[in-house]
Amino acid sequence: MEWLIFIIFILTLVYFLIRQLVMIYNNMVMLKNNCYKAFANIDVLLKKQADLIPMLIVITQKAMVHEKALFEKLAENRDHYLHADVLDEKVNLANQLLPQIKKSLIIAEKYPELISGKNLHLLQIQAKELEECIADRREFFNQSVTLYNTEIRIFPNIVFTFIFKFKDIPLFCPSREAIS
Numbered sequence: 001m002e003w004l005i006f007i008i009f010i011l012t013l014v015y016f017l018i019r020q021l022v023m024i025y026n027n028m029v030m031l032k033n034n035c036y037k038a039f040a041n042i043d044v045l046l047k048k049q050a051d052l053i054p055m056l057i058v059i060t061q062k063a064m065v066h067e068k069a070l071f072e073k074l075a076e077n078r079d080h081y082l083h084a085d086v087l088d089e090k091v092n093l094a095n096q097l098l099p100q101i102k103k104s105l106i107i108a109e110k111y112p113e114l115i116s117g118k119n120l121h122l123l124q125i126q127a128k129e130l131e132e133c134i135a136d137r138r139e140f141f142n143q144s145v146t147l148y149n150t151e152i153r154i155f156p157n158i159v160f161t162f163i164f165k166f167k168d169i170p171l172f173c174p175s176r177e178a179i180s
């Protein structure tokens, strides 16, 4: 009779242990999926912003021949972003692309013949609106990423991190050197 109680106790313990492990794993997967969902919301806006780049180049290239390198790099980064598939790569490219767009719009303001044009003004308004929307969504994405990255680093979750190869997701924030 004692062995039956012992077996029931062990089975109950194993059941609760497995249940807890499944809950931990499911929570980690849910947090990871929240990060992907949050970035998908940003990705829509980033693609719209990337679509503004060719218009910006066309409007400004005549007046700013000596800024050609900046616009070539901007176009190159746009193409890389649009063809990127991996979340980490997209975040890193977006961190480079956003400050470049901002810098090119600031440079464009230095040219009076461009400022007087209606097209540049409309482009600046669109870019500013998109930038504000991206900033709002970036905050939610970074919160999701912070929760996920914390979750995969705490014990006992770190065991699952190694077993199932959960990886850190980078935060979405332009570097200081990219901004300046």
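Everything in the sequence shown is counted per the numbering used here, starting at 1 for the first residue and increasing by one.
From the three backbone atoms N, C-alpha and C, an ideal C-beta is built for every residue, glycine too.
Predicted model only: the values in this text are computed from it and were never measured.
In this structure, A127 and Q49 form a Cβ contact; the two beta carbons are roughly 7 Å apart against a cut-off of 8 Å.
N157 and I24 do touch by the CB rule: their CB atoms are close to 6 Å apart, below 8 Å. DSSP places P156 in the coil class of the three-state scheme, outside both helix and strand. Taking C35 as reference, the option from F162, T146 and K165 with the minimal CA-CA separation is T146. Less than 8 Å separates the beta-carbon of L45 from that of I134. Around H80, the same chain offers L93 as residues with beta carbons nearer than 7 Å, after the five sequence neighbours per side are excluded. Put simply, the backbone Cα of L97 is about 6 Å away from that of N77.
Between E151 and M28, the C-beta spacing is below 8 Å.
With a beta-carbon spacing of about 24 Å, K118 and Q100 fall beyond the 8 Å limit used to define contacts. L70 is not a Cβ neighbour of L123, given a cutoff of 8 Å. Setting aside the 5 residues that flank it on each side, P170 is surrounded in the same chain by D88, V91 and N92, each with a C-beta closer than 7 Å to its C-beta; the list follows chain order. Counting C-beta atoms within 10 angstroms of its own C-beta, I42 has 16 or more neighbours from the protein chains shown and is therefore classed as buried. Residue nearest to F140 within the set L11, L13 and A40 is A40 (criterion: CA-CA distance).
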